[in-house]
Amino acid sequence: MKSYLKFLLFLCTVLLMSCGDDKKDKDVDRITIGEEGTLKEMDINEENNSATDTTATSEDQDVVEVMLTGNDQMKFNLSEIKVKEGQTVKLTLKHVGQLGKDVMGHNFVLLKKGTDLASFAQKAVEFKSNEYIPEDSDKVITHTDMIGGGQETSITFKAPPAGTYDFICSFPGHYIQMQGKFIVE
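Residue numbers for the sequence shown follow the numbering used here, beginning at 1398 and rising by one.
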């Protein structure tokens, strides 16, 4: 009888583990911030289980908080961030991997419209001492510090004028996979 119960328990466990939806192929999230800073839309990143509430604080509806994660596989959890023009954005970048910043560092760099990503990234490689942010560049709107596994950093900034901007990680070679659109409505 005990063997039968163990078998049933094992079978139930296998069945439960095999259940789920087919969203495993989805590897990025998308968030849209509504007119008053409330969350309208969010796709959940099944791979990282890193969906984050991005609702504005109740004290100031013009402040929107965004949680962005980067991992050891050189991926951001968000490929698109939408905000309203003039909103104050508090962006927190968290490195959910384990590797140090000298081998797998991540940052968030918001670039001006029309910036050539490859050219910017190639120039950034020369500025290791400045955390891969070119000192003489006029292409950067804002950026976070470079962080390693288990670390996080935050920046607060005003959303630029309406338009679509690119964001990247400027660690050498990362921009190819770690990039997204920062859309200001």
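Using N, Cα and C, we set each Cβ at its ideal position, and we do this for glycine too. Treat the numbers as computed from the prediction; the structure is a model and nothing was measured.
Secondary structure of residue i, DSSP reduced to three states
{"i": "I1530", "result": "coil"}
{"i": "M1471", "result": "coil"}
{"i": "V1522", "result": "coil"}
{"i": "F1554", "result": "strand"}
{"i": "M1543", "result": "coil"}
{"i": "F1568", "result": "coil"}
{"i": "L1496", "result": "coil"}
{"i": "M1464", "result": "strand"}
Distance, residue j Cα to residue i Cα
{"i": "H1540", "j": "K1525", "result": "15 Å"}
{"i": "K1420", "j": "N1468", "result": "Residue confidence for K1420 is low, a pLDDT of 42 falling below 50, so the modelled location carries little weight and cannot support an answer."}
{"i": "E1532", "j": "E1582", "result": "30 Å"}
{"i": "K1520", "j": "I1565", "result": "14 Å"}
{"i": "D1535", "j": "V1493", "result": "30 Å"}
{"i": "K1509", "j": "S1551", "result": "20 Å"}
{"i": "S1476", "j": "M1575", "result": "8 Å"}
Burial state of residue i (16 or more Cβ within 10 Å)
{"i": "T1553", "result": "exposed"}
{"i": "A1515", "result": "exposed"}
{"i": "I1478", "result": "buried"}
{"i": "D1499", "result": "exposed"}
{"i": "G1511", "result": "exposed"}
Residue i and residue j closer than 8 Å at C-beta
{"i": "Q1470", "j": "A1556", "result": "no"}
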